[in-house]
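Accompanying notes for the structure given below.
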């Protein structure tokens, strides 16, 4: 039996009815922006949560506490696995067994952020043989993702909203972390602070990748004005509000 996430008021997915809904209104409560202090248990261990808004802390706690690999699957098959939304999963490099488990769980699209020359990253044939769509968005494992690369990843998530999507790199922490942070900010209206806290919870190595942190810090501005995101803005997936901040879309 597949283990899924419980239906929670703040749990918005990338669906026609829920993509990008404001967690403080449609998917939560306005008083949920009060801050928490405490510890969240994650795949990377106990992580302190300082000044994380209540709804984001609750989302992070649930997403990182659920093992969704299915019966017989080991954490090594789907390392650093977590639910971002009910239809978006994240993780590190899956094994062949891990890919089979993802297919059994109903995943329809696998997004690989690793370069084609990376060891163990040549999974396209197996993914497609399992009936899933394979999408490659190669990102350098050291240099920070470019706006064009992040725009490509967000476009895939937008195009496949309502379908189960799995996004991964090698560790599921740096490249995956930035893509998920961009999705949180663009589609769900998360603050940079909360998006960064989630990156840390999944093992992001801030001391080694300060340039990744800088990318996340400027996302609110770049999503609204950078040319790379023009197609997304025109499609309605992103909504630019006052002062260049990206506002979440609340579908009718």
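In the numbering used here, the protein residues as written are 145 to 396.
Ideal Cβ placement from N, Cα and C applies to all residues, glycine included.
Nothing here was measured: the structure is a model prediction, and the numbers come from that model.
Problem - Cα-Cα separation, residue 360 to residue 340 - result: By 1-based counting over the chain shown, the position of residue 360 is 216. By 1-based counting over the chain shown, the position of residue 340 is 196. Distance between the alpha carbons of residue 360 and residue 340: 7 Å.
Exercise for the section: Spell out whether any CB of chain B is found under 7 Å from the CB atom of residue 321. Expected result: Absent from the structure is chain B; it holds one protein chain and no more.
Exercise for the section: Within 10 angstroms of the Cβ of residue 322, are there 16 or more other Cβ atoms? Answer buried if so, exposed if not. Expected result: Taking the first residue of the chain shown as position 1, residue 322 is located at position 178. Counting Cβ neighbours within 10 Å, residue 322 comes out buried, since at least 16 surround it.
Handout entry: Complete runs of the alpha helix (DSSP H) confined to the region 239–289 [at least 4 residues]
Key = Look at the region 239–289 and you find these whole runs of alpha helix (DSSP H), each 4 residues long or longer: 240–248, 268–273.
Handout entry: residue 230 versus 349, 308, 338, residue with shortest Cα-Cα distance
Key = Indexing the chain shown from 1 puts residue 230 at position 86. The option with the nearest alpha carbon to residue 230 is 308.
Practice task
Verify whether the separation of the beta carbon atoms of residue 279 and residue 255 is less than 7 Å.
Solution key: Counted from its first residue, the chain shown places residue 279 at position 135. Counted from its first residue, the chain shown places residue 255 at position 111. Contact: yes.
Handout entry: Cut-off 8 Å between Cβ atoms - residues of its own chain near residue 386, not counting five sequence neighbours on either side
Key = Taking the first residue of the chain shown as position 1, residue 386 is located at position 242. Note that residue 386 scores a pLDDT of 28, beneath 50, so its modelled location is shaky and nothing firm can be said.
Exercise for the section: For the region 319–333 and the region 242–250, state whether three or more C-beta atom pairs, one from each stretch, are separated by less than 8 Å. Expected result: no
Handout entry: Cβ pair count under 8 Å reaching 3, the region 368–378 against the region 291–307
Key = Enough Cβ pairs lie closer than 8 Å, so yes.
Problem - Proximity below 7 Å, CB of residue 277 to CB of residue 253 - result: The residue labelled residue 277 in the question sits at position 133 within the chain shown. The residue labelled residue 253 in the question sits at position 109 within the chain shown. The answer is yes: Cβ separation under 7 Å.
Practice task
Go through its chain and collect everything with a Cβ distance to residue 357's Cβ below 8 Å, but skip five positions before and after it.
Solution key: Start at 1 with the first residue of the chain shown, and residue 357 comes out as number 213. The answer, listed in chain order, is 340, 350.
Problem - For residue 303 and residue 318, the rounded distance between their alpha carbons - result: Mapped onto the chain shown, residue 318 falls at position 174. Mapped onto the chain shown, residue 303 falls at position 159. Each residue's alpha carbon lies about 23 Å from the other.
Handout entry: Limits of the unbroken beta strand (DSSP E) element including residue 229
Key = For the purposes of this step, residue 229 is taken as the residue at position 85 of the chain shown. Unbroken beta strand (DSSP E) run through residue 229: 226–229.
Problem - Reduced DSSP category for residue 355 - H, G, I as helix; E, B as strand; rest coil - result: As a first step, residue 355 is located in the chain shown; it is residue number 211 there, counting from the start. Reduced to three states, the DSSP call for residue 355 is helix.
Handout entry: Neighbourhood of residue 289 by C-beta, 6 Å cutoff - its chain only, sequence neighbours within 5 removed
Key = If you number the chain shown from 1, residue 289 lands on position 145. Around residue 289: 283, 322.
Practice task
State the DSSP-derived secondary structure class of residue 316, mapped to helix, strand or coil.
Solution key: Residue mapping note: residue 316 aligns to position 172 of the chain shown, counting from 1. If DSSP states are grouped into helix, strand and coil, residue 316 belongs with coil.
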